[in-house]
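Report on the structure given below.
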Amino acid sequence: PDPESRFNQYPHQLSGGQRQRVMIAMALANNPDVLIADEPTTALDVTVQAQILNLIRDLQQKLGMAVILITHDLTVVRQFSDYVYVMSQGEVKEHNTTEALFRNPQHPYTRHLLASEPKGMANPTPVDSAVILEGSDVRVSFMLKHGGFFKPRLKELVAVDSLSLKLHRYETLGLVGESGSGKTTFGQALVKLLTADGGEIFFDGEPIHARTRDQMRPLRSRMQVVFQDPFSSLNPRMSVGQIIEEGLIVNRLGDNKSDRLQRVEQALVSAGLPHNILSRFPHEFSGGQRQRIAIARAIALEPEFILLDEPTSALDLSVQAQIIDLLRKLQDERGLSYLFISHDLKVVRALCHRVVVMQHGKIVEEGPVDEVLSHPRTAYTERLVKAAFEVAA
Numbered sequence: 050p051d052p053e054s055r056f057n058q059y060p061h062q063l064s065g066g067q068r069q070r071v072m073i074a075m076a077l078a079n080n081p082d083v084l085i086a087d088e089p090t091t092a093l094d095v096t097v098q099a100q101i102l103n104l105i106r107d108l109q110q111k112l113g114m115a116v117i118l119i120t121h122d123l124t125v126v127r128q129f130s131d132y133v134y135v136m137s138q139g140e141v142k143e144h145n146t147t148e149a150l151f152r153n154p155q156h157p158y159t160r161h162l163l164a165s166e167p168k169g170m171a172n173p174t175p176v177d178s179a180v181i182l183e184g185s186d187v188r189v190s191f192m193l194k195h196g197g198f199f200k201p202r203l204k205e206l207v208a209v210d211s212l213s214l215k216l217h218r219y220e221t222l223g224l225v226g227e228s229g230s231g232k233t234t235f236g237q238a239l240v241k242l243l244t245a246d247g248g249e250i251f252f253d254g255e256p257i258h259a260r261t262r263d264q265m266r267p268l269r270s271r272m273q274v275v276f277q278d279p280f281s282s283l284n285p286r287m288s289v290g291q292i293i294e295e296g297l298i299v300n301r302l303g304d305n306k307s308d309r310l311q312r313v314e315q316a317l318v319s320a321g322l323p324h325n326i327l328s329r330f331p332h333e334f335s336g337g338q339r340q341r342i343a344i345a346r347a348i349a350l351e352p353e354f355i356l357l358d359e360p361t362s363a364l365d366l367s368v369q370a371q372i373i374d375l376l377r378k379l380q381d382e383r384g385l386s387y388l389f390i391s392h393d394l395k396v397v398r399a400l401c402h403r404v405v406v407m408q409h410g411k412i413v414e415e416g417p418v419d420e421v422l423s424h425p426r427t428a429y430t431e432r433l434v435k436a437a438f439e440v441a442a
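Remember, the numbering used here sits 49 above the position in the sequence shown when you count from 1.
Below, the structure is given as structure tokens:
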């Protein structure tokens, strides 16, 4: 909407969905006969994904062009495509009409892909487990400049508007919402990576909202973070061993170098990686392997709680399923609590016990994951669920 006002804006001033629309406009400027859409919805939340796919479909019909859609999201393929080619290691393994391929896949690789959609459910939690992380009336705002260059004005953006939640030990709590809903800001405020303007935050019963960075240091080994992008969250100049050992050194864990090395190797094995990769560097690994390294870095400190910020969104479907299985296993073995931030409701359903739905910095719905996703009470949640699970006939 309002293309005139967008004309003089820069990419950093646009949302992910708006930037994707600009890319589509650029591609259509020369009236192409074929549009190649390379992972056009991968980094977008489910409702924006649906909007972009509907836009491409409408433009295809209006302009009479063909579309080649490259994606690892089988739900998108099923909703959008007429014909499908399945590739692996540079070869076409199978091709057929969309309906026939999904109904009766012939190649083992295709069957593996179709079976890799996130399945299962969270491990059961002990009855009446204690609260490990609590936020009460947490508020986070930012001051944004707007107006002219010479007379800029400041405007307050409330990203998190007096929110409260409780996370119990051994539990996975999902935090979901569209891009810009405030879920990552809320998560980072709860672990003191961002400073909240107001409210109270408790970790294992201790108030931490007023603690300084130095005062938080003794707690850092007990709360860890796994970030969204495994390609940028690992230092490319450090070896795998150095990346994982760094946290042990900073938190003064391990009696000596030999003890730290043993902890690093144990963390790698627990994350499903061989211990003989210590001298290798991040660029030598796939996205899924890098995310396992990030998980190993977190669990090496033997934390009680991990903030998982979109840890599977950059991964293909089969690797997503492997990471979900790994997170379940680690939770069962180590008694971990997770705050899982995601816009992928299929992953949330497979991993989380409860879910909190956010919109415009507010909580609009929360409850057991099956109840919220099966019987949403608000139109917003219903729209998220519909975009994630409804498959076009």
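Glycine included, C-beta positions come from ideal geometry on N, C-alpha and C.
Nothing here was measured: the structure is a model prediction, and the numbers come from that model.
- So which of Asp122, Asp82, Gly296 and His217 has the shortest CA-CA distance to Pro95? First, the residue type needs correcting, since residue 95 is Val and not Pro in the sequence shown. Selected option, being the one with the closest Cα: Asp122.
- Endpoints, the beta strand (DSSP E) within which Val413 is located: That run of the beta strand (DSSP E) goes Lys411 to Pro417.
- Would Lys204 be called buried (16 or more neighbouring beta carbons within 10 Å of its own) or exposed? Exposed is the call here.
- Skipping 5 residues on each side, what residues in its chain have a beta carbon closer than 8 Å to that of Leu297? So the list reads Gly303, Arg309, Arg312, Val313, Ala349 and Leu350, once near-sequence residues are dropped.
- Query: Between Thr427 and Val413, is the Cβ-Cβ spacing less than 8 Å?
  - Reply: Yes, the Cβ-Cβ distance between Thr427 and Val413 is below 8 Å.
- Query: Hey, out of Asp393, Thr159 and Glu415, whose CA is closest to Ala437's CA?
  - Reply: Nearest option by C-alpha distance: Asp393.
- Query: According to DSSP, which residues form a beta bridge with Thr146?
  - Reply: Thr146 pairs with Tyr132.
- Close Cβ partners of Val446 (< 8 Å) along its chain, the five nearest in sequence each way excluded: The question about residue 446 has no answer here: the residues shown for the chain are numbered 50 through 442.
- Message: Starting from Glu249, trace the beta strand (DSSP E) in both directions and tell me its first and last residue.
- Response: Where Glu249 is concerned, the enclosing beta strand (DSSP E) starts and stops at Gly247 to Phe252.
- Item | Residues of its chain near Ala99, where Cβ-Cβ distance is below 6 Å and the 5 sequence neighbours each way are ignored | Correct list, in chain order: Ala436.
- Alpha carbon to alpha carbon, what distance is there between Ala149 and Leu108? Here the alpha carbon of Leu108 sits roughly 26 Å from the alpha carbon of Ala149.
- Message: What does the Cβ neighbour count give for Pro331, buried or exposed, with the cut at 16 atoms within 10 Å?
- Response: Looking at its Cβ environment, which holds 16 or more other Cβ atoms inside 10 Å, Pro331 is buried.
- Message: What does the Cβ neighbour count give for Pro256, buried or exposed, with the cut at 16 atoms within 10 Å?
- Response: Label assigned to Pro256: exposed.
- Item | For Gly65 and Gly229, the rounded distance between their alpha carbons | Going from the Cα of Gly229 to the Cα of Gly65 covers about 10 Å.
- Who are the Cβ neighbours of Lys142 in its own chain at under 7 Å, not counting the five residues just before and after it? The beta carbon of Lys142 lies closer than 7 Å to those of Val135, Met136, His156, Tyr158 and Thr159 in the same chain, with the five residues before and after it left out.
- Are the segment 352 to 369 and the segment 183 to 195 touching by the rule of at least three beta carbon pairs closer than 8 Å? Too few Cβ pairs lie closer than 8 Å, so no.
- So Gln273 and Ala347 are in contact, right, with Cβ under 8 Å, and what is the actual spacing, rounded? Approximately 4 Å separates the beta-carbon atoms of Gln273 and Ala347; this is inside 8 Å, confirming the contact.
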